[in-house]
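**Student:** When we follow this note's numbering, the leftmost residue of the sequence shown carries the number 339, and every step to the right adds one.
All C-beta atoms in this analysis are idealised placements derived from N, C-alpha and C, irrespective of residue type, glycine included.
Computed from a predicted model, the values in this text were never measured in an experiment.
One structure coming up, written as structure tokens, with questions to follow.
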Amino acid sequence: MKYFVSILALMVVIIASCSKYQDKKGPAFTGTNHYCNDATAANYNWGFPGIPDNTVCIYPSDLYVGKYIFQDSISLLSNGLPILVDTFTLTFYRLSSSKLAVLGFCANGDSLFLTAAPTFIASVDTTEGDSVTNWGQKLCSIGDTINGTFTKDRIFDSLMYLNLQVASDTGVVTVHIGTAKKVH
339 MKYFVSILAL MVVIIASCSK YQDKKGPAFT GTNHYCNDAT AANYNWGFPG
389 IPDNTVCIYP SDLYVGKYIF QDSISLLSNG LPILVDTFTL TFYRLSSSKL
439 AVLGFCANGD SLFLTAAPTF IASVDTTEGD SVTNWGQKLC SIGDTINGTF
489 TKDRIFDSLM YLNLQVASDT GVVTVHIGTA KKVH
């Protein structure tokens, strides 16, 4: 009998807990803020709810446009041995909503081409190599290739972090890690 009462009490509790949940109505939207409704934009749905307005969209390449001072620390990939610390100016130009050209790596004026994503990361376009080596694109000379990423800081929009690898025609691979600060 004691088990029967326990089971009956448990069944009453289970049945009582199965009542339908009533969702409380949220506050009505009364503002007039506009938000980007283009999924390819870096600020997609920021400020939602509101009024969809694609004129407020910031596209991935727009995040990078400008002139930056890059502080580069160069080391060997094979053993991490530091080689050089250098500072130079990089200039980023918008080619499309996701494509960029970068000047400043090469003294001869060659551009480095990047593809930017809404994730605040731009990657060096692959123009050299194959599916096995996948090294990247030519850098300043016929034999050197570069690959890697440029990451914008989401809080301090004037900062960017670079993580690059350069493979020379001699087989030496160097790592370029540094920070770039926007000057204008």
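In three-state DSSP terms, what is tyrosine 341?
**Tutor:** The answer is helix: DSSP assigns tyrosine 341 an H, G or I state.
**Student:** Note the first and the last residue of the continuous beta strand (DSSP E) segment covering threonine 512.
**Tutor:** From DSSP, the beta strand (DSSP E) with threonine 512 extends over 511 to 520.
**Student:** Evaluate alanine 482 with the Cβ neighbour count: other Cβ atoms within 10 Å of its Cβ, from every protein chain shown; 16 or more gives buried, anything less gives exposed.
**Tutor:** One point to set straight first is that residue 482 is aspartate, not alanine, in the sequence displayed. Classification of aspartate 482: buried, given that the 10 Å Cβ count is 16 or more.
**Student:** Ignoring anything shorter than 3 residues, give me the beta strand (DSSP E) runs that lie fully in the stretch 408 to 449, in order along the chain.
**Tutor:** Entirely contained in the stretch 408 to 449, the beta strand (DSSP E) runs reaching 3 residues are, in chain order, 420 to 432, 437 to 441.
**Student:** Can you list, in chain order, the residues of its chain with a C-beta nearer than 6 Å to that of tyrosine 397? Leave out the 5 residues immediately preceding and following it.
**Tutor:** So the qualifying residues of the chain are Ala379, Ser435.
**Student:** Just to confirm my understanding: we take phenylalanine 342, look at its own chain, exclude 5 residues before and 5 after, and list those with CB closer than 6 Å. What are they?
**Tutor:** Excluding sequence neighbours, phenylalanine 342 sits near nothing in its chain.
**Student:** Across which residues does DSSP place threonine 483 in a beta bridge pair?
**Tutor:** DSSP, once it has assigned bridges, lists Lys476, Ala505 as partnering threonine 483.
**Student:** Going by the DSSP bridge assignment, what does glycine 404 pair with across the sheet?
**Tutor:** DSSP, once it has assigned bridges, lists Phe430 as partnering glycine 404.
**Student:** For the beta strand (DSSP E) that contains isoleucine 324, what are its first and last residues?
**Tutor:** In the structure displayed, the chain extends from 339 to 522; residue 324 sits before or after that span and is not available.
**Student:** Using CA atoms only, rank isn't needed, just tell me which of Ser416, Phe430, Gln409, Ala455 is closest to leucine 422.
**Tutor:** That would be Gln409, whose Cα lies nearest to the Cα of leucine 422.
**Student:** Please report the distance separating the alpha-carbon of aspartate 491 from that of tyrosine 402.
**Tutor:** Answer to the nearest angstrom: the Cα atoms are 11 Å apart.
**Student:** Note down, in chain order, each residue of its chain lying with its Cβ closer than 8 Å to the Cβ of glycine 516, except the 5 sequence neighbours on either side.
**Tutor:** Result list for glycine 516: Phe408, Gln409, Asp410, Ser411, Tyr499, Leu500, in chain order.
**Student:** Nearest-angstrom Cα distance between alanine 439 and phenylalanine 451?
**Tutor:** Looking at the two C-alpha atoms, the distance is approximately 5 Å.
**Student:** Identify, in the order they occur along the chain, each residue of the same chain with its Cβ nearer than 7 Å to the Cβ of aspartate 361, setting aside the five sequence neighbours on each side.
**Tutor:** Counting only Cβ-Cβ distances below 7 Å, and skipping sequence neighbours, we find nothing.
**Student:** Considering only their Cβ atoms, is the gap separating proline 387 from asparagine 375 smaller than 7 Å?
**Tutor:** In this structure, proline 387 does not lie closer than 7 Å to asparagine 375 by Cβ.
**Student:** Tell me, please, which residues DSSP counts as bridged to proline 390.
**Tutor:** Note: proline 390 sits in a beta bridge opposite Tyr373.
**Student:** How many Å lie between tyrosine 359 and asparagine 392 at the Cα?
**Tutor:** Computed Cα separation, rounded: 37 Å.
**Student:** Based on DSSP bridge pairs, tell me the residues matched to alanine 347.
**Tutor:** None; alanine 347 has no bridge partner.
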